[in-house]
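Line by line, the protein sequences are chains A and B. Each residue of the first sequence is one higher than the one before, counting from 335 in my numbering. Each residue of the second sequence is one higher than the one before, counting from 949 in my numbering. Below is one structure, written out as structure tokens; the observations come after it.
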Amino acid sequence: DVKVTQSSRYLVKRTGEKVFLECVQDMDHENMFWYRQDPGLGLRLIYFSYDVKMKEKGDIPEGYSVSREKKERFSLILESASTNQTSMYLCASSLIWGYTEAFFGQGTRLTVV
Amino acid sequence: EDQVTQSPEALRLQEGESSSLNCSYTVSGLRGLFWYRQDPGKGPEFLFTLYSAGEEKEKERLKATLTKKESFLHITAPKPEDSATYLCAVQAENDYKLSFGAGTTVTVRA
Chain A
335 DVKVTQSSRY LVKRTGEKVF LECVQDMDHE NMFWYRQDPG LGLRLIYFSY
385 DVKMKEKGDI PEGYSVSREK KERFSLILES ASTNQTSMYL CASSLIWGYT
435 EAFFGQGTRL TVV
Chain B
949 EDQVTQSPEA LRLQEGESSS LNCSYTVSGL RGLFWYRQDP GKGPEFLFTL
999 YSAGEEKEKE RLKATLTKKE SFLHITAPKP EDSATYLCAV QAENDYKLSF
1049 GAGTTVTVRA
């Protein structure tokens, strides 16, 4: 079975903290994604990685960075957390470029206070 | 820019009452249209991929269809366990990302 695992289900952080969200996939997929999901706005792409150490900005990259040092692991970093980054964060992976579906992790509900 | 609009926002059904969800899209060359199911507090679960107009896919009580401008997700004789938010997403040719709609939340009462 396809599996994408996010390190935390729930996180509470203080404004200004540096926050790391970790994601691991066990399917040898090339592509990995970070989305955030907010009510009424749907899923919005933050960053995408198509290979180790390679990354592309998505629609809303401001305030975020990413790291992909190994093929199976993709980290999202909030450099200085702010209250408007309170959201559900979803990691996904897909096999190759195009024509393949993305599989999602269970999500991390982040609250910044 | 790719756009995906789902309607209605919410749908309340009686068990056994069939209905359809709509996904209208604008994309410069469609590579694929994807349907996902999402339960509260969980990540989306993949249901179907449709690639070309006229294509249909079925899974249990769900059937997805595709035209050049929209896709429908038909729920036949739904059960309470079909209650979830259903998400539609499109991927354009020569693009890596999925553009999602805001979803339709379906509630099926016993």
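The C-beta atom is built at its ideal place from N, Cα and C for all residues, glycine as well.
Taking only beta-carbon positions, decide if residue i is within less than 8 Å of chain B.
{"i": "GLU299 (chain A)", "result": "Beyond the ends of chain A as shown, which are 335 and 447, falls residue 299 (chain A); an answer cannot be given."}
{"i": "TYR423 (chain A)", "result": "no"}
{"i": "LEU379 (chain A)", "result": "yes"}
{"i": "PHE408 (chain A)", "result": "no"}
{"i": "GLU435 (chain A)", "result": "yes"}
Going by DSSP, what residue range makes up the beta strand (DSSP E) through residue i?
{"i": "GLU1018 (chain B)", "result": "1018-1023"}
{"i": "MET422 (chain A)", "result": "421-428"}
{"i": "SER409 (chain A)", "result": "407-412"}
{"i": "GLU356 (chain A)", "result": "353-359"}
{"i": "GLY376 (chain A)", "result": "376-385"}
Under the rule that 16 or more other beta-carbon atoms within 10 Å means buried, what is residue i, buried or exposed?
{"i": "SER409 (chain A)", "result": "buried"}
{"i": "ARG348 (chain A)", "result": "exposed"}
{"i": "ASN418 (chain A)", "result": "exposed"}
{"i": "ALA958 (chain B)", "result": "exposed"}
{"i": "VAL346 (chain A)", "result": "exposed"}
Between residue i and residue j, is the Cβ-Cβ spacing less than 8 Å?
{"i": "ARG402 (chain A)", "j": "LYS391 (chain A)", "result": "no"}
{"i": "LEU998 (chain B)", "j": "LEU981 (chain B)", "result": "yes"}
{"i": "LYS990 (chain B)", "j": "GLN440 (chain A)", "result": "yes"}
{"i": "LEU412 (chain A)", "j": "VAL338 (chain A)", "result": "no"}
{"i": "VAL952 (chain B)", "j": "ALA1040 (chain B)", "result": "no"}
{"i": "ARG449 (chain A)", "j": "TYR384 (chain A)", "result": "Look at the range of chain A in this structure, 335 to 447, and you will see that residue 449 (chain A) is not part of it."}
Distance cutoff 8 Å, beta carbons only. Does residue i sit that close to anything in chain A?
{"i": "THR974 (chain B)", "result": "no"}
{"i": "PHE1020 (chain B)", "result": "no"}
{"i": "TYR1034 (chain B)", "result": "no"}
{"i": "PRO992 (chain B)", "result": "yes"}
State yes or no: is the C-beta of residue i nearer than 7 Å to some heavy atom of the ligand SAM?
{"i": "ASP372 (chain A)", "result": "As presented, the structure is devoid of all ligands, the ligand SAM included, so that no description of it is given."}
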